[in-house]
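What follows is a short report on a single structure.
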Amino acid sequence: MLAELDGLLERAAARGATGAEAYAEQGTTTRVKVFEQEVEQLTQARRKGVGLRVLRDGSTGYAFSTDLAPAALDAVADRALANAAVTDPDEHSVLPEAQSPPALDVFDPRLATSGEDDKIELALSVERAALDEDPRVKLVEDTVYADGDIEVFIASSTGVRGSFRENHCYVFAYVLAEEDERVETGLSFSVGRSLAALEPRSCGAEAAQRACRLLGATKCRSMKATVVLDPFVAASFVSVLSSALTAEAVQKGRSLFAPLLGEVVAGAGVELADDGLHPDGLASAPFDAEGVPCRRTEVIAAGALASFLHNTYTAHKAGCASTGNATRASYHGSPGVGPTNLVVAGAATPLADIVGGIERGVLVTNAVGVHSGANPISGQFSVGINGVLIESGRLAAPVREVTLAGDIVAMLQGIVALGDDARWIPQGSVLTPSIVIEGMSIAGT
Amino acid sequence: MPFGAEIGGRDAVRLDDIDRALLQAIVERALRCGGDFAEVYVEERDALGLSLEDGKVERASGGRDFGAAVRVTSGDRTFHAYADDVTEGDLRQAADTVAAALRGGGAVGKVTALGAVREDPGLHPVAVPPESVAIVAKGALLHAADEAARAAGGEVQQVMGAYADGRVRVLIANSEGTFVRDDRTRTRFIISVVARRGDVIQTGYESLGKSRGFEILGEEEVSRLARAAAGKALAMLDACPAPAGMMPVVMANGFGGTLFHEACGHGLEADAVVKGASIYAGRLGEVVAAPIVSAFDDGSIPGEWGSAAFDDEGTPCRKTMVIEGGRLRAYLYDTLRARKDGVASTGNGRRQSYRHVPIPRMTTTYIGPGDAIADEIIAATKHGFYAKSLAGGQVEPASGSFVFGVAEGYLIEHGRVTAPLRGATLVGNGIEVLESIDMVAADLEVKSGLCGKDGQSVPVGTGQPTLRIARMTVGGTG
Numbered sequence: 046m047l048a049e050l051d052g053l054l055e056r057a058a059a060r061g062a063t064g065a066e067a068y069a070e071q072g073t074t075t076r077v078k079v080f081e082q083e084v085e086q087l088t089q090a091r092r093k094g095v096g097l098r099v100l101r102d103g104s105t106g107y108a109f110s111t112d113l114a115p116a117a118l119d120a121v122a123d124r125a126l127a128n129a130a131v132t133d134p135d136e137h138s139v140l141p142e143a144q145s146p147p148a149l150d151v152f153d154p155r156l157a158t159s160g161e162d163d164k165i166e167l168a169l170s171v172e173r174a175a176l177d178e179d180p181r182v183k184l185v186e187d188t189v190y191a192d193g194d195i196e197v198f199i200a201s202s203t204g205v206r207g208s209f210r211e212n213h214c215y216v217f218a219y220v221l222a223e224e225d226e227r228v229e230t231g232l233s234f235s236v237g238r239s240l241a242a243l244e245p246r247s248c249g250a251e252a253a254q255r256a257c258r259l260l261g262a263t264k265c266r267s268m269k270a271t272v273v274l275d276p277f278v279a280a281s282f283v284s285v286l287s288s289a290l291t292a293e294a295v296q297k298g299r300s301l302f303a304p305l306l307g308e309v310v311a312g313a314g315v316e317l318a319d320d321g322l323h324p325d326g327l328a329s330a331p332f333d334a335e336g337v338p339c340r341r342t343e344v345i346a347a348g349a350l351a352s353f354l355h356n357t358y359t360a361h362k363a364g365c366a367s368t369g370n371a372t373r374a375s376y377h378g379s380p381g382v383g384p385t386n387l388v389v390a391g392a393a394t395p396l397a398d399i400v401g402g403i404e405r406g407v408l409v410t411n412a413v414g415v416h417s418g419a420n421p422i423s424g425q426f427s428v429g430i431n432g433v434l435i436e437s438g439r440l441a442a443p444v445r446e447v448t449l450a451g452d453i454v455a456m457l458q459g460i461v462a463l464g465d466d467a468r469w470i471p472q473g474s475v476l477t478p479s480i481v482i483e484g485m486s487i488a489g490t
Numbered sequence: 002m003p004f005g006a007e008i009g010g011r012d013a014v015r016l017d018d019i020d021r022a023l024l025q026a027i028v029e030r031a032l033r034c035g036g037d038f039a040e041v042y043v044e045e046r047d048a049l050g051l052s053l054e055d056g057k058v059e060r061a062s063g064g065r066d067f068g069a070a071v072r073v074t075s076g077d078r079t080f081h082a083y084a085d086d087v088t089e090g091d092l093r094q095a096a097d098t099v100a101a102a103l104r105g106g107g108a109v110g111k112v113t114a115l116g117a118v119r120e121d122p123g124l125h126p127v128a129v130p131p132e133s134v135a136i137v138a139k140g141a142l143l144h145a146a147d148e149a150a151r152a153a154g155g156e157v158q159q160v161m162g163a164y165a166d167g168r169v170r171v172l173i174a175n176s177e178g179t180f181v182r183d184d185r186t187r188t189r190f191i192i193s194v195v196a197r198r199g200d201v202i203q204t205g206y207e208s209l210g211k212s213r214g215f216e217i218l219g220e221e222e223v224s225r226l227a228r229a230a231a232g233k234a235l236a237m238l239d240a241c242p243a244p245a246g247m248m249p250v251v252m253a254n255g256f257g258g259t260l261f262h263e264a265c266g267h268g269l270e271a272d273a274v275v276k277g278a279s280i281y282a283g284r285l286g287e288v289v290a291a292p293i294v295s296a297f298d299d300g301s302i303p304g305e306w307g308s309a310a311f312d313d314e315g316t317p318c319r320k321t322m323v324i325e326g327g328r329l330r331a332y333l334y335d336t337l338r339a340r341k342d343g344v345a346s347t348g349n350g351r352r353q354s355y356r357h358v359p360i361p362r363m364t365t366t367y368i369g370p371g372d373a374i375a376d377e378i379i380a381a382t383k384h385g386f387y388a389k390s391l392a393g394g395q396v397e398p399a400s401g402s403f404v405f406g407v408a409e410g411y412l413i414e415h416g417r418v419t420a421p422l423r424g425a426t427l428v429g430n431g432i433e434v435l436e437s438i439d440m441v442a443a444d445l446e447v448k449s450g451l452c453g454k455d456g457q458s459v460p461v462g463t464g465q466p467t468l469r470i471a472r473m474t475v476g477g478t479g
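Residue numbers (my numbering), protein chains in the order written: chain A, 46 to 490; chain E, 2 to 479.
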């Protein structure tokens, strides 16, 4: 594949590009969906694609293709240069110099030799565990096993040249529980780089518990209260927050954090790190989407905003070094900037002690609309939540269809404690415990 | 479709190389170990996207994806294999993969010989193929929109614009003799404006998307969109925190249709229905909305963003009445779920690409027009909330519970729209909300969007006339 990438770089240079970066990925994926102990859907795929970023006179163009034949590569180079003709020149559009990436193992050979039958059985056992957990489980709407084995290649006119192979797998369950004709839902997942690393039984059982604990939920009265965001909910807030922590958002005037560097933005001495090298993080890689080595960056240290996340472009503009946060969803796009793995840490308090100390509050186990109801530019958010009331230090009745609203920075500053239950949430690749926040507005009846 | 639109350098030979004999052979090969149904789907997708921010066109990206998928179903089971950049050998291998996965060992599945190829009879004509337009003309539209938005007021701080066009050519052949070729062009323009006054930051958004060519856009049109987006952001600078609680909600036409899409439409998609995972399962003929509510899904509206001549299984797109006078009339089917329920597909089998399996999806979904007048609905509301445009929303199809952000909202006092309100969300349950609709205007408007489900994003239209929900929970901070 590196030969094809070299071919793209040569074609770009021959057409007048002053710089070029070629990127490719190829691999296989499997996805199994089971329902009522039968395979409902099995997808097997072979994927590949190549993308080319070119620079000419300070302008950038990008083109991609699934076809790697010589004529198709010619078309990619033609198209990338044609696209460069429409973008406005920008002195900060530069390619990174070659750097040696750290050794990082993100490939487990055991997964590559695992058979289809074992993968199907894993999914079936997740569904069984969910159904066995509680008689009120009506059905498991989605039970999925999925994996990917992807090799990434990069080469550039500035000497970047590298590749790595990454694999991962996960199981996922989405459970419907029913009582008195009311339905509640719950989900859970388990992730790893080998089948042995997955925990199908606890995944199924937890999804069932998360649905059943909400049965009988009603609206509650509007109030100011302490909320405990469980790791699932905390992770979705962290992942929305992270888009405002990129230097791109800051430089474009669309980050509420822009004026807050060095200020205390979070309570309880909370730490937030972007860790592209965490051994358990699914977003870990030796280098980022531009070939810059991944690393760990303290974003919030002891509650104070310490750094933004950079790729080569934003770093050049800010006069600093890239933090290895160039990202791309696939070969379809030129590099942007975004988080790798996000890790929330701080002094941990046992969850039981946290609940025991709350006179009136809500344990939030599900938030609906975090990505649409939270505005990372203005910092305002208003999301629908489900969860369990906390009264006089005890978990009480479940609640649903109430909203949690406020301002993101005020919410962060309202953090008073972190739980001792840190875990990885794969959506956004966030490692976080439960987060406890005082003085939140809850709108019910 | 104007095939004369093809321009020099368009290397489209490979999709056209795949003939009936090859497709027939792959369908037979996929069913040789049993199965009820087999399908080959070949897709060639050309896409171009430009984006502007800070007054600069920053990104210009385009390219081609070519690939194919083979699918076999047996009872409720689906086996799907796909490959990027296919050759004849890859198609055979994909057929072998699904045949082996079936583990049928049974009789060879029934195959009806492929008929003559059917094509779009010209329902969605493209006057100006986007690929025939110079890229600098597309970039010029972004600059025009940027200037128009910034001219709307000194408090406009940032303008983000995006232009996208695409042409997708598909070949679909299945064991029931369906053989379809479709050629779909779509063009879209999006503008998002950030306005700032002191510490207050607000955003406004507008978009236009059609299953048509470059003719839908011009400097005048994009400037109009830009001024509308800027107007929303500027109006919201004066906004007070929205009140919280139950109150009458008037939803303006257009963007409000996402409420029906999310709160009801997903529950009508037959995959959720056949699993019993929808609140609408088993309720055909029952009252699920107020008597003044009728609703439709229509993938055949000429040139609409969510339209096509055929769905992604080769079934012609059509208009389906889903709610008639408040009663549930129909679900939205793909072929797999239609077979299970013993009905015909409604032309709602859609897939993001060959990398995804078709599932029941909405096309353009809307609440039908009534006979009230929008201003009269507001005048008839003593105190309430006016949702002029919604941001995104999410729903749980199993319970019908939903939450929507309100992008632009106002207070209604004594029958008049007064103060702008920020930070509001609408929270509720699909059937309860539809049953609470007590006034519907005649001003139906459809908007374009992208809908995500099961990791697949497809173009959809959502629409509604101005209407009133008698009581609904507004979540706010005030």
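Virtual Cβ for every residue (Gly too), placed ideally from N, Cα, C.
Using a beta-carbon distance below 8 Å, is residue 351(E) in contact with chain A?
-> Within the second sequence, residue 351(E) is the residue found at index 350, counting from 1. Output row for residue 351(E): interface = no.
Is the segment 119-139 of chain A close to the segment 164-178 of chain A, with three or more CB pairs under 8 Å?
-> no
Sequence-distant residues of its chain with Cβ nearer than 6 Å to residue 191(E) (five each side left out) | Residue 191(E) sits at position 190 when you count from the first residue of the second sequence. So the list reads 163, 208, once near-sequence residues are dropped.
Cβ separation of residue 447(A) and residue 440(A), assumed to be a contact under 8 Å, to the nearest whole Å = Along the first sequence, one-based indexing puts residue 447(A) at 402. Along the first sequence, one-based indexing puts residue 440(A) at 395. Contact doesn't hold; Cβ gap of about 16 Å is too wide.
Residue 188(E) at chain A interface by Cβ criterion, 8 Å | Taking the first residue of the second sequence as position 1, residue 188(E) is located at position 187. By this cut-off, residue 188(E) is not an interface position.
Around the C-beta of residue 390(E), are 16 or more other C-beta atoms found within 10 angstroms, so that it is buried, or is it exposed?
-> To locate residue 390(E), count along the second sequence from 1; it is residue 389. By the neighbour-count rule (16 or more Cβ atoms within 10 Å), residue 390(E) is buried.
Measuring only between beta-carbons, confirm whether residue 247(E) sits less than 8 Å from chain A.
-> By one-based count along the second sequence, residue 247(E) stands at place 246. At least one beta carbon of chain A lies nearer than 8 Å to the beta carbon of residue 247(E).
Taking Cβ-Cβ distances below 7 Å as the criterion, which residues of the segment 80-101 of chain E are in contact with chain A?
-> So the list reads 80, 81, 82, 83, 84, 85, 86, 98, given in the order they occur along the chain.
Exposed or buried, residue 213(A), counting other C-beta atoms within 10 Å across all chains shown (16 or more means buried)?
-> Within the first sequence, residue 213(A) is the residue found at index 168, counting from 1. Its Cβ being crowded by 16 or more others within 10 Å, residue 213(A) is buried.
Is the distance from the Cβ of residue 358(E) to the Cβ of residue 188(A) below 8 Å?
-> Your numbering for residue 358(E) matches position 357 in the second sequence. Your numbering for residue 188(A) matches position 143 in the first sequence. Cβ distance not < 8 Å, so residue 358(E) and residue 188(A) don't count as in contact.
Taking Cβ to Cβ, would you say residue 186(E) is nearer than 8 Å to residue 194(E)?
-> If you number the second sequence from 1, residue 186(E) lands on position 185. If you number the second sequence from 1, residue 194(E) lands on position 193. No, Cβ-Cβ distance for residue 186(E) and residue 194(E) is not below 8 Å.
Contact check, residue 237(E) vs residue 421(E) under 8 Å by CB: the rounded distance?
-> Here residue 237(E) corresponds to residue number 236 of the second sequence, with the count starting at 1. Here residue 421(E) corresponds to residue number 420 of the second sequence, with the count starting at 1. Correct: roughly 6 Å between the Cβ atoms.
Measuring CB to CB, does residue 455(A) end up less than 8 Å from residue 426(A)?
-> By one-based count along the first sequence, residue 455(A) stands at place 410. By one-based count along the first sequence, residue 426(A) stands at place 381. Going by C-beta atoms, residue 455(A) is not nearer than 8 Å to residue 426(A).
Would you mind telling me which residues of chain E sit closer than 7 Å to residue 403(A), beta carbon to beta carbon, in chain order?
-> The sequence position of residue 403(A) within the first sequence is 358, counting from 1. Per Cβ cutoff of 7 Å: no residues; residue 403(A) is ~22 Å from chain E at best.
Going by the CB atoms, is the gap between residue 319(E) and residue 459(E) shorter than 8 Å?
-> Position 458 of the second sequence, counted from the first residue, corresponds to residue 459(E). Position 318 of the second sequence, counted from the first residue, corresponds to residue 319(E). No, Cβ-Cβ distance for residue 459(E) and residue 319(E) is not below 8 Å.
Local conformation of residue 82(E) per DSSP, three classes | As a position in the second sequence, residue 82(E) is number 81, starting the count at 1. Strand at residue 82(E).
Out of 457(E), 63(E), 425(E), 104(E), point me to the one whose CA is closest to residue 473(E)'s CA.
-> Here residue 473(E) corresponds to residue number 472 of the second sequence, with the count starting at 1. Per the Cα distances, 425(E).
By Cβ distance, which residues of its chain are closer than 8 Å to residue 443(E), with the 5 residues on each side in sequence left out?
-> As a working mapping, residue 443(E) is identified with position 442 in the second sequence. Excluding positions up to five away in sequence, the list reads 370, 371, 372, 373, 374, 466.
Examine chain A for any beta-carbon lying closer than 8 Å to the beta-carbon of residue 59(E), and answer yes or no.
-> The count along the second sequence starts at 1 and reaches residue 59(E) at position 58. It does; some Cβ of chain A falls within 8 Å.
Member of 343(E), 220(E), 247(E), 80(E) whose CA lies at the smallest distance from the CA of residue 76(A) | For the purposes of this step, residue 76(A) is taken as residue 31 along the first sequence, with counting starting at 1. Answer by Cα proximity: 80(E).
Should residue 415(A) and residue 285(A) be called a contact, given that it needs their Cβ atoms to be closer than 8 Å?
-> Counting from one through the first sequence, the residue named residue 415(A) turns up at place 370. Counting from one through the first sequence, the residue named residue 285(A) turns up at place 240. A contact, by the Cβ cut-off of 8 Å.
Scan the segment 286-302 of chain A for residues whose Cβ lies nearer than 9 Å to a Cβ of chain E and list them as they occur along the chain.
-> 296, 297, 298, 299, 301
Beta-carbon spacing of residue 311(A), residue 457(A) below 8 Å | Position 266 of the first sequence, counted from the first residue, corresponds to residue 311(A). Position 412 of the first sequence, counted from the first residue, corresponds to residue 457(A). Closer than 8 Å, so yes.
Do the segment 257-269 of chain A and the segment 238-249 of chain A make contact, defined as three or more Cβ pairs closer than 8 Å?
-> no
Cα separation between residue 375(A) and residue 333(A)?
-> Your numbering for residue 375(A) matches position 330 in the first sequence. Your numbering for residue 333(A) matches position 288 in the first sequence. Cα to Cα, residue 375(A) sits roughly 12 Å from residue 333(A).
Neighbouring residues, chain A, relative to residue 423(E) (Cβ below 7 Å) | Start at 1 with the first residue of the second sequence, and residue 423(E) comes out as number 422. Residues of chain A passing the Cβ test: 425.
Opposing strand residues paired with residue 458(A) [DSSP bridges] | Stepping through the first sequence from its first residue, residue 458(A) is reached at position 413. Answer by DSSP bridge pairing: none, since residue 458(A) is not bridged.
Is there contact between the segment 43-62 of chain E and the segment 96-115 of chain A, where contact requires at least three CB pairs shorter than 8 Å?
-> yes
Residue 86(A) touches chain E at which residues, Cβ-Cβ below 8 Å?
-> On the first sequence, position 41 is the one that residue 86(A) refers to. The contact set of residue 86(A) on chain E, defined by CB atoms closer than 8 Å, consists of 78, 79, 80, 81, 358 in chain order.
Rounded distance between the beta-carbons of residue 73(A) and residue 91(A), thought under 8 Å | The sequence position of residue 91(A) within the first sequence is 46, counting from 1. The sequence position of residue 73(A) within the first sequence is 28, counting from 1. That pair is a contact at about 6 Å.
List, in order along the chain, the chain A residues whose C-beta lies closer than 8 Å to that of residue 278(E)?
-> Within the second sequence, numbered from 1, the residue matching residue 278(E) stands at position 277. Those are 184, 186, 221, listed as they occur along chain A.
Report yes if the C-beta distance between residue 470(E) and residue 437(E) is below 8 Å; otherwise report no.
-> Position 469 of the second sequence holds residue 470(E). Position 436 of the second sequence holds residue 437(E). The answer is yes: Cβ separation under 8 Å.
DSSP three-state call for residue 27(E): helix, strand or coil?
-> Counting from 1 along the second sequence, the entry for residue 27(E) is found at position 26. Reduced to three states, the DSSP call for residue 27(E) is helix.
Residue 240(E) versus chain A: which residues are under 8 Å apart at the beta carbon?
-> Walking along the second sequence from the start, residue 240(E) turns up at place 239. Contacts between residue 240(E) and chain A, judged by CB atoms closer than 8 Å, are missing: the closest CB pair is about 10 Å apart.
Are residue 480(E) and residue 198(E) closer than 8 Å when you measure CB to CB?
-> Any property of residue 480(E) remains undetermined from this structure, which presents chain E solely from 2 to 479.
Apply the 10 Å Cβ neighbour rule to residue 180(A) and answer buried if 16 or more other Cβ atoms are within range, or exposed otherwise.
-> Taking the first sequence and counting its residues from 1, one reaches residue 180(A) at position 135. Looking at its Cβ environment, which holds fewer than 16 other Cβ atoms inside 10 Å, residue 180(A) is exposed.
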